[in-house]
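Quick notes on the structure that follows.
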Amino acid sequence: MGIILYLMSIVLMLVIFVQVTSGLLTAIIGKDFVSFTNRSYTKRPSSTFDKILNIAFFTFHGIPDYFYKMFMRRTTYWKARLFFLLWLAVFITFCILVFFLIGYFVENILVMS
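Here the sequence shown stands for residues 1 to 113, numbered as in our numbering.
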């Protein structure tokens, strides 16, 4: 049980790390990075492979991609970039907090076992 929990926490931390990295690259590069990552997304998936590819896209790039596009649709370009940077600062702070909480809970559960 302990090793499964440990491996699941590592996978969760890796997914969060990739989301943060994707957000940082989106903040630095901008629409070119969003365009590059959207090449792995299929608009109307017909096969199982396309559906799995869409799940992988949202797992690795979904949160920053959604917020970047939302800000771009609602405001001007530079205002949207500023809002995205502010959102990214809050997102990174939240992810660091989640990292510490996951580590704390996993350590306590493994010590109690």
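For glycine and all other residues, C-beta sits at the position ideal for the given N, C-alpha and C.
These numbers were taken from a predicted model, which means no experiment stands behind them.
Legend entry - Counted within 10 angstroms of its Cβ, other Cβ atoms place phenylalanine 33 as buried (16 or more) or exposed: Residue mapping note: residue 33 aligns to position 33 of the sequence shown, counting from 1. Buried: at least 16 other Cβ atoms inside 10 Å.
Inset, instruction - Enumerate in chain order the residues of its own chain whose CB-to-CB distance from tyrosine 68 is below 7 Å, with the five nearest sequence positions on each side excluded. - result: Your numbering for residue 68 matches position 68 in the sequence shown. Only Thr26, Val34 and Phe84 meet the Cβ criterion.
Legend entry - Coarse secondary structure for arginine 116, derived from DSSP in three states: Because residue 116 is not part of the residues shown, which for the chain are 1 to 113, the question remains open.
Inset, instruction - Decide yes or no for the touch test of the segment 68-83 against the segment 3-18: beta carbon pairs closer than 8 Å, at least 3 of them. - result: no
Inset, instruction - Would you check if there are 3 or more beta carbon pairs closer than 8 Å linking the segment 78-95 to the segment 11-27? - result: yes
Inset, instruction - Can you say whether glycine 103 is buried or exposed, counting buried as having 16 or more other CB atoms within 10 angstroms of its CB? - result: As a first step, residue 103 must be located in the sequence shown, where it is residue number 103. By the neighbour-count rule (16 or more Cβ atoms within 10 Å), glycine 103 is not buried but exposed.
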